[in-house]
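Going by the numbering used here, the sequence shown opens with residue 467, and the numbers climb by one from there. For every residue, glycine included, the Cβ atom is placed at its ideal position computed from N, Cα and C.
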Amino acid sequence: MAEPRWGLLPAQALALLQRREWDNRRRLKARLTGELPFPAKIPLRPPKGSAALGELAHFNAFVQAWRDFALPHAVCWGKTTYRHLGNQPVPTHLVAQDPAMLARLLGPAAEQALQGWQQRISRCLSVAWLQDATLQRSMFALLVSQLEELERLSDNDLELLLALLPQLRPGMGGGAYLRALPLVQVDTKFVEQHQRLIELMLDVLQQGAISDAGGLLSWLNCQANPRGWLWVRPLCESSRAALGGLPLLQLSTDTLLTTALPAGRILVVENVQSGLGLPALDDCIAVFGGGKNLSWLQAEWLQSKQVAYWGDIDSEGLTMLADARTKLPNIEPLLMDQQTLLQHQARMVPEPASVVAEPAALTATEAQLFRDLRAGRFGLARLEQERLAPDWVCAVLEEWTTPAPARPTPVP
Numbered sequence: 467m468a469e470p471r472w473g474l475l476p477a478q479a480l481a482l483l484q485r486r487e488w489d490n491r492r493r494l495k496a497r498l499t500g501e502l503p504f505p506a507k508i509p510l511r512p513p514k515g516s517a518a519l520g521e522l523a524h525f526n527a528f529v530q531a532w533r534d535f536a537l538p539h540a541v542c543w544g545k546t547t548y549r550h551l552g553n554q555p556v557p558t559h560l561v562a563q564d565p566a567m568l569a570r571l572l573g574p575a576a577e578q579a580l581q582g583w584q585q586r587i588s589r590c591l592s593v594a595w596l597q598d599a600t601l602q603r604s605m606f607a608l609l610v611s612q613l614e615e616l617e618r619l620s621d622n623d624l625e626l627l628l629a630l631l632p633q634l635r636p637g638m639g640g641g642a643y644l645r646a647l648p649l650v651q652v653d654t655k656f657v658e659q660h661q662r663l664i665e666l667m668l669d670v671l672q673q674g675a676i677s678d679a680g681g682l683l684s685w686l687n688c689q690a691n692p693r694g695w696l697w698v699r700p701l702c703e704s705s706r707a708a709l710g711g712l713p714l715l716q717l718s719t720d721t722l723l724t725t726a727l728p729a730g731r732i733l734v735v736e737n738v739q740s741g742l743g744l745p746a747l748d749d750c751i752a753v754f755g756g757g758k759n760l761s762w763l764q765a766e767w768l769q770s771k772q773v774a775y776w777g778d779i780d781s782e783g784l785t786m787l788a789d790a791r792t793k794l795p796n797i798e799p800l801l802m803d804q805q806t807l808l809q810h811q812a813r814m815v816p817e818p819a820s821v822v823a824e825p826a827a828l829t830a831t832e833a834q835l836f837r838d839l840r841a842g843r844f845g846l847a848r849l850e851q852e853r854l855a856p857d858w859v860c861a862v863l864e865e866w867t868t869p870a871p872a873r874p875t876p877v878p
């Protein structure tokens, strides 16, 4: 027999309170800041009309369970007149009047969490440099919004945070990296690990100056850490000599955007292993291992180079080729054609997660190959670049680096 849809028992009401008022962090934070005022109420759904008489055992259990409830002052009661039962006291709501009562209703874990939040927020608001009432209100609201970050801080980390904030001044980075900040008794790894929380708290202290500057790094005048590292490998003696004799190095995306590589040809290769396996090529440097990181192809210095791209033959590889072409329209695809695929068809594998939308920057031939792969024309849908025969790869690359024969000069 189905349970009645009225009369929530304590376990049911507490579970609902947990979901609605505690697990819903946005709502909980609104309660803690006063944006959504207490009390928090859970209707207990007392029966109406003849429902109580029809389920008398459940009605009695419902009323008795709330009479026996461990926190009786959290239960609101009313009186309802029922036919054949007369005027009966019934529980109407479970009520949490404030955060402490909410946590107490939900048990030791909630009480411990609330106590931890209160202690950490109180410690932050107690520092000498945060005694302005307006700043305290703003900082309190900010800290409540960052409860999860506060929970992750150890006690020592919290003290480091409070020692750090008054040291930070506009422009103090002097154009260096964040790790080079001249701090006292605070390590810069801590700053890097907790950069977002530091930025938010400092923005409150500086009354929006960090946001106005475009973020913490700009306000401090610090450089962003190099990002998007790519492997760079000279494939001829002249380019290797121009790179100081280094056979292999890594450069960041930002460096490649602004620094021309000393070769007339640039070969872009999707993954590391294929880049390491490249043969010697005249006047050529390979850049590889960036995967989808193709933003550096917008570099102006590439406009004067002969640039080629080699990736997997699958929907994702062709999508990356299209992305490369949007950034560098004259880029030339290598080893990504149907002839190469058919030559190595037996080595194809499934594509784990194919791209559905056809990229706009493919040529008609490339777009047809994309559609054929998606339609399963070749059985499987992926030919990884590592599976190509070295002799095939070398032949195609040699053809790419061989200058086209000069056309004869017409005889007048």
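Practice prompt. Provide the residue(s) that pair with His-559 in DSSP beta bridges, ordered along the chain.
Written response: What you label residue 559 is simply residue 93 of the sequence shown in a count that begins at 1. Its beta-bridge partners are Pro-509 and Cys-542.
Worksheet item: What are the complete beta strand (DSSP E) segments, minimum 3 residues, inside the region 673-724?
Response: Counting whole runs of 3 or more residues, the region 673-724 contains the beta strand (DSSP E) stretches 696-700 and 715-717.
Discussion item. Taking the straight line between their C-alpha atoms, what separation do you get for Ala-607 and Thr-499?
Written reply: What you label residue 607 is simply residue 141 of the sequence shown in a count that begins at 1. What you label residue 499 is simply residue 33 of the sequence shown in a count that begins at 1. Their Cα atoms are separated by approximately 6 Å.
Worksheet entry | Own chain residues within Cβ distance below 6 Å of Leu-630, not counting five before or after | Position 164 of the sequence shown holds residue 630. The answer, listed in chain order, is Val-652.
Practice prompt. Let me know the secondary structure DSSP gives Leu-849 once reduced to three states.
Written response: Working through the sequence shown from its first residue, we reach residue 849 at position 383. Three-state DSSP puts Leu-849 in a strand.
Worksheet item: How long is the line joining the alpha carbons of Gly-544 and Arg-662, rounded to whole angstroms?
Response: Indexing the sequence shown from 1 puts residue 544 at position 78. Indexing the sequence shown from 1 puts residue 662 at position 196. One alpha carbon belongs to Gly-544, the other to Arg-662, and they sit about 49 Å apart.
Discussion item. Applying the 10 Å Cβ sphere with the 16-neighbour rule, what's the burial state of Thr-785?
Written reply: Sequence index remark: in the sequence shown, residue 785 carries index 319 (1-based). So Thr-785 counts as buried.
Item to complete: For Pro-693, I'd like the list of residues in its chain whose CB is within less than 8 Å of its CB, leaving aside the five on either flank, ordered along the chain.
Response: Locating residue 693 in the sequence shown gives position 227, counting from the first residue. It is worth fixing the name first, because residue 693 is Arg in this sequence and not Pro. Within the same chain, Cβ atoms closer than 8 Å to the Cβ of Arg-693 are found at Ser-718, Thr-719 and Asp-720, the five residues on either side in sequence being excluded.
Worksheet entry | Option in Val-561, Pro-513 and Leu-522 with minimal Cα separation from Lys-507 | For the purposes of this step, residue 507 is taken as residue 41 along the sequence shown, with counting starting at 1. Per the Cα distances, Val-561.
Item to complete: Could you pull the start and end residues of the alpha helix (DSSP H) that Arg-662 belongs to?
Response: If you number the sequence shown from 1, residue 662 lands on position 196. Its alpha helix (DSSP H) spans residues 661-671.
Worksheet item: Are the CB atoms of Pro-557 and Pro-512 nearer to each other than 8 Å?
Response: As a first step, residue 557 must be located in the sequence shown, where it is residue number 91. As a first step, residue 512 must be located in the sequence shown, where it is residue number 46. Yes, they are a contact pair.
Fill in: Closest residue to Arg-813 among Ala-833, Asp-778 and Gln-689 (Cα-Cα distance)
Mapped onto the sequence shown, residue 813 falls at position 347. The shortest Cα separation from Arg-813 among Ala-833, Asp-778 and Gln-689 belongs to Asp-778.
Worksheet item: My guess is that Thr-867 and Asp-789 are in contact by the Cβ rule of under 8 Å, so how many angstroms apart are they, rounded?
Response: For this step, residue 867 is matched to residue 401 along the sequence shown. For this step, residue 789 is matched to residue 323 along the sequence shown. Cβ atoms of Thr-867 and Asp-789 stay farther apart than 8 Å, at about 24 Å.
Discussion item. Can you look up Pro-881 in the DSSP assignment and give me helix, strand or coil?
Written reply: Only positions 467 to 878 of the chain appear in this structure, which leaves residue 881 out of reach.
Discussion item. Rounding to the nearest angstrom, what Cα-Cα distance links Leu-480 and Val-593 in this structure?
Written reply: Taking the first residue of the sequence shown as position 1, residue 480 is located at position 14. Taking the first residue of the sequence shown as position 1, residue 593 is located at position 127. Pairing Leu-480 with Val-593, the inter-Cα distance amounts to about 38 Å.
Worksheet item: Which class does Cys-747 belong to by DSSP, given the choice of helix, strand or coil?
Response: Within the sequence shown, residue 747 is the residue found at index 281, counting from 1. Rather than Cys, the amino acid found at residue 747 in this sequence is Leu. Residue state for Leu-747 is assigned as coil, using DSSP reduced to three classes.
Worksheet item: With 16 as the cutoff for other CB atoms within 10 Å, does Ala-826 come out buried or exposed?
Response: Walking along the sequence shown from the start, residue 826 turns up at place 360. By the beta-carbon neighbour count (other beta carbons within 10 angstroms, threshold 16), Ala-826 is exposed.
Discussion item. Using beta carbons (cut-off 8 Å, strictly below), is Ala-823 in contact with chain B?
Written reply: Here there is only one protein chain, and chain B is not present.
Discussion item. Going by DSSP in three states, Ala-788 sits in which element: helix, strand or coil?
Written reply: Indexing the sequence shown from 1 puts residue 788 at position 322. Taken through DSSP and simplified to helix, strand or coil, Ala-788 comes out as helix.
Practice prompt. Using 10 angstroms around the beta-carbon of Thr-806, count the other beta-carbons present and answer buried if the total reaches 16, otherwise exposed.
Written response: Translated into positions along the sequence shown, residue 806 becomes position 340. It counts as buried.
Fill in: Cα-Cα separation, Leu-760 to Leu-794
Reading the sequence shown from its first residue, position 294 is the one you call residue 760. Reading the sequence shown from its first residue, position 328 is the one you call residue 794. When the Cα atoms are used, Leu-760 and Leu-794 turn out to be separated by approximately 10 Å.
Worksheet item: Is the CB-CB distance between Val-821 and Glu-782 below 8 Å?
Response: Here residue 821 refers to the residue found at position 355 of the sequence shown. Here residue 782 refers to the residue found at position 316 of the sequence shown. Yes, these two residues count as a Cβ contact at 8 Å.
Discussion item. Please state the DSSP three-state secondary structure of Pro-799.
Written reply: Sequence index remark: in the sequence shown, residue 799 carries index 333 (1-based). In this structure, Pro-799 counts as strand in the three-state DSSP scheme.
Discussion item. Mapping the DSSP letters down to three states, classify Phe-504 as helix, strand or coil.
Written reply: Counting from one through the sequence shown, the residue named residue 504 turns up at place 38. It is coil, neither helix nor strand.
Worksheet item: Got a sec? Which residues, its chain only, sit under 6 Å from Cys-542 by beta carbon, not counting five neighbours each side?
Response: Here the question's residue 542 lines up with position 76 in the sequence shown. Close CB contacts of Cys-542 within its chain, under the 6 Å cut and outside five residues either way in sequence, are with Thr-558, His-559 and Val-561 (chain order).
Discussion item. Taking only three categories from DSSP, how would you classify Pro-591?
Written reply: Counting from one through the sequence shown, the residue named residue 591 turns up at place 125. Reading off the sequence, residue 591 comes out as Leu, not Pro. Note: Leu-591 maps to helix in three-state DSSP.
Worksheet item: Expressed to the nearest angstrom, what Euclidean distance is found between the alpha-carbon atoms of Ala-679 and Met-802?
Response: Numbered from 1 along the sequence shown, position 213 holds the residue referred to as residue 679. Numbered from 1 along the sequence shown, position 336 holds the residue referred to as residue 802. If you take the alpha carbons of Ala-679 and Met-802, they lie about 45 Å apart.
Worksheet item: Going straight from the alpha carbon of Ala-576 to that of Thr-792, what length do you get?
Response: Taking the first residue of the sequence shown as 1, we reach residue 576 at position 110. Taking the first residue of the sequence shown as 1, we reach residue 792 at position 326. Whole-angstrom Cα-Cα distance: 53 Å.
Worksheet entry | Minimum C-alpha distance to Asp-623 - residue among Met-605, Cys-750 and Thr-654 | Start at 1 with the first residue of the sequence shown, and residue 623 comes out as number 157. Among Met-605, Cys-750 and Thr-654, the Cα nearest to that of Asp-623 is on Thr-654.
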